[in-house]
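To start, the structure itself, in structure tokens.
Chains as they are written, first to last, in our numbering: chain A, 4 to 209; chain B, 2 to 236; chain C, 48 to 314.
This is the structure we're talking about:
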């Protein structure tokens, strides 16, 4: 009999947090959400907007999808049937609807926010980092609390890499280093930032 | 629309519209599972299944799909095929299922599949859509296996060629050398180089794709310059 | 393990159906509750716009431009990034006749570059804006092109580059004539002009003739020969710099022949 993980976190939260932010960074190590990374890191303003939107949507989707999975789809749920094969389709449905809802709301109540954040929202619905984080939550068997922490930390991890790369690329483009202007430049920048993370955490063991 | 040849469509998907190097789409799985030739092949097969399925279905239903909600419908169709391939892998190829991890369900948000559904299958009849699906899949597979091979060779100093094969009733990825007719292929093709472990780590993936894209860009730039000169522009 | 497929089917349909219905219902409600009025014509126009958000029209982005076009404040031909085909489609949509304007390209009003002496070696941020802050420019001529490529970075279409002679060079096959480079140039040595015809004094220096002769091979020295010879009286002298009045100029080319400094050209 499979048991439903509890609501309150029983795991050690610190390793989860550091894992999501650095050692298993979504962009650099897990390779999730690269489309936005390559496209938006030429400008630190847009990177900032996208990072905020992604962190928000990630955390919210973790909050929404965990109960759906454990109380509707899992064999230990109230229905009592193994419906786990529906997880991908259900998660996509929830994330896309939620993103659409947020878009409606901020468009209605905060046009300035919509102008700075709203244009990224349609990009997020099909961002694999968001679907990735909820799938990871299920795969790791996290409790509710831990899954939210994990999603938030993953969002922060996404953000710092976006901002760091944008800062590097923006400066280099300004100095006229053409190598860093296009997609190719994004990947060279990513190589360097990833090397830093990988090397650092292979020396400093947690 | 002019009538296009079936083969021409396939070739266009491989070269002119190569999803990875030209369209720069669907990079996440390309980088994540290209640690070895075997993983790359598995991912390519899973991708081909989804790509073909979604292109055929979208193309069949293109007159019924209301344009306002086409994207959710595409996602549902793609999602169905992704779930199918996920279950097939889990049942018949557990090691591959383990190796590919969450990247199989993530095909659903792969921009290539949804992009082709929107840009091609939704506007063309079934046969060209199949051709497009095959072409794009091969283009994707070529890119994936190219990156996978380069990383495996540079990172470990050898290349292990595998094939999807059924041996003693068990389906799996077997080394090419153990398959009848291919016994002349060595188990591991070794190269006389010092293995650079960094190539199989994540930074290696970024470096490989950056280098390959640079190569692609230089080649296409040259071609364009030639054409522009022919048209009489001063460069 | 065998799975009874039939027993799985009803809950699967029920769960997915319920979830789908709930989400759809919520979105329908939200789209009504948080409805923001948008003109369908604006959306249709947005579909046609190039989406470069280049800002050549003077509005923050294509969306803003489309809103103003539909509101009737401006005409669509203000957009310089659309090609003739797009204009035709926009015209069809809005029910008006628009013809694409004659293509315009940027012109550099300076022949300095490598021909103009440097005052000092400049080692700093590679932008023209930053170079100006340091006691004028690094060039001996404080009016001329600095050649650090602010225009190149401003271009969204990869249509301008700093050539070997140290001056911006327009790649016409990429240029859409949006004028982003003109706005970006802190020295105002770029201007937008028709491709063929107009005559320009390609020098921006108001320095005295003797100094110009000393530092630059081509600059206008303000000798006034062109002013005297111009049959239309279209040339004026503005602080030792010949300026052509484009309204009066009939592009006869007399001034080009008489200029001792080769500082006047016909495009």
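Every residue gets a Cβ at the ideal spot worked out from N, C-alpha and C, and that includes glycine.
As the structure is a prediction and not an experimental result, all values here were calculated from the model.
Asked: Burial state of residue 121 of chain B, where buried means 16 or more other Cβ atoms lie within 10 Å; Found: buried
Asked: Residue 174 of chain B: first and last residue of the uninterrupted beta strand (DSSP E) it sits in; Found: 171-176
Asked: Within-8 Å CB hit, residue 256 of chain C to chain A; Found: no
Asked: Beta-carbon neighbours of residue 101 of chain A, restricted to chain B and to distances below 8 Å; Found: Residues of chain B passing the Cβ test: none, with the nearest at roughly 13 Å.
Asked: Chain-ordered neighbours of residue 177 of chain A on chain C, where CB pairs are closer than 8 Å; Found: 172, 173, 174, 200
Asked: Rounded separation between residue 64 of chain B and residue 125 of chain B - CA only; Found: 10 Å
Asked: Residue burial classification, residue 51 of chain C (beta-carbon count within 10 angstroms, cutoff 16); Found: exposed
Asked: Contact with chain A by residue 142 of chain B, beta-carbon distance below 8 Å; Found: no
Asked: Member of B:55, B:151, B:17 whose CA lies at the smallest distance from the CA of residue 190 of chain B; Found: B:151
Asked: Residue 3 of chain B versus residue 129 of chain B - alpha carbon distance; Found: In this prediction, residue 3 of chain B has a pLDDT of 44, which is less than 50 and means its spatial position is unreliable; what the coordinates show is noted afterwards. So the two alpha carbons sit approximately 12 Å from each other.
Asked: According to DSSP, residues forming a beta bridge with residue 283 of chain C; Found: C:290
Asked: Interface residues of the segment 60-77 of chain B facing chain A [CB-CB below 9 Å]; Found: 72, 73, 76, 77
Asked: Interface partners of residue 81 of chain C on chain A, CB under 8 Å; Found: 107, 108, 110, 111, 112
Asked: Chain B residues whose Cβ lies nearer than 9 Å to that of residue 41 of chain A; Found: 25, 28
Asked: Exposed unless 16 or more other CB atoms sit within 10 angstroms - verdict on residue 226 of chain B; Found: exposed
Asked: Three-state secondary structure assigned by DSSP to residue 188 of chain B; Found: coil
Asked: According to DSSP, residues forming a beta bridge with residue 168 of chain B; Found: B:171
Asked: Cross-strand partners of residue 70 of chain A (DSSP beta bridge); Found: DSSP output for residue 70 of chain A lists no bridge partner at all.
Asked: Contacting residues, own chain, Cβ-Cβ under 7 Å from residue 219 of chain C (five flanking each side not counted); Found: 152
Asked: Pair within 8 Å by beta-carbon distance, residue 94 of chain A and residue 63 of chain A; Found: no
Asked: Buried versus exposed call for residue 114 of chain A [16 or more other C-beta atoms within 10 Å across all chains shown]; Found: exposed
Asked: Neighbourhood of residue 79 of chain B by C-beta distance below 6 Å, restricted to the same chain and skipping five residues each side; Found: 55, 109, 114
Asked: Rounded straight-line distance, which links the Cα of residue 232 of chain B to that of residue 253 of chain C; Found: 40 Å
Asked: Within 8 Å, strictly: CB atoms of residue 202 of chain B and residue 206 of chain A; Found: no
Asked: Element boundaries [alpha helix (DSSP H), containing residue 153 of chain A]; Found: 147-177
Asked: 8 Å Cβ cutoff, residue 134 of chain A in contact with chain B; Found: yes
Asked: Alpha-carbon spacing of residue 126 of chain C relative to residue 136 of chain C, whole angstroms; Found: 14 Å
Asked: Anticipated Cβ contact below 8 Å, residue 143 of chain B with residue 57 of chain B, distance rounded; Found: So it is not a contact: roughly 22 Å between Cβ atoms.
Asked: Per-residue DSSP class, three states only, for residue 152 of chain C; Found: strand
Asked: Cβ neighbours of residue 144 of chain A in the same chain (closer than 7 Å, five flanking residues each side left out); Found: 8
Asked: Beta carbon proximity, residue 22 of chain A to chain B, threshold 8 Å; Found: no
Asked: DSSP-derived helix/strand/coil call for residue 32 of chain A; Found: coil
Asked: Within-8 Å CB hit, residue 103 of chain B to chain A; Found: yes
Asked: Neighbouring residues, chain A, relative to residue 115 of chain B (Cβ below 8 Å); Found: 129
Asked: 8 Å Cβ cutoff met for residue 91 of chain A and residue 84 of chain B; Found: yes
Asked: CA nearest to the CA of residue 243 of chain C, picked from C:87, C:122, C:150; Found: C:150
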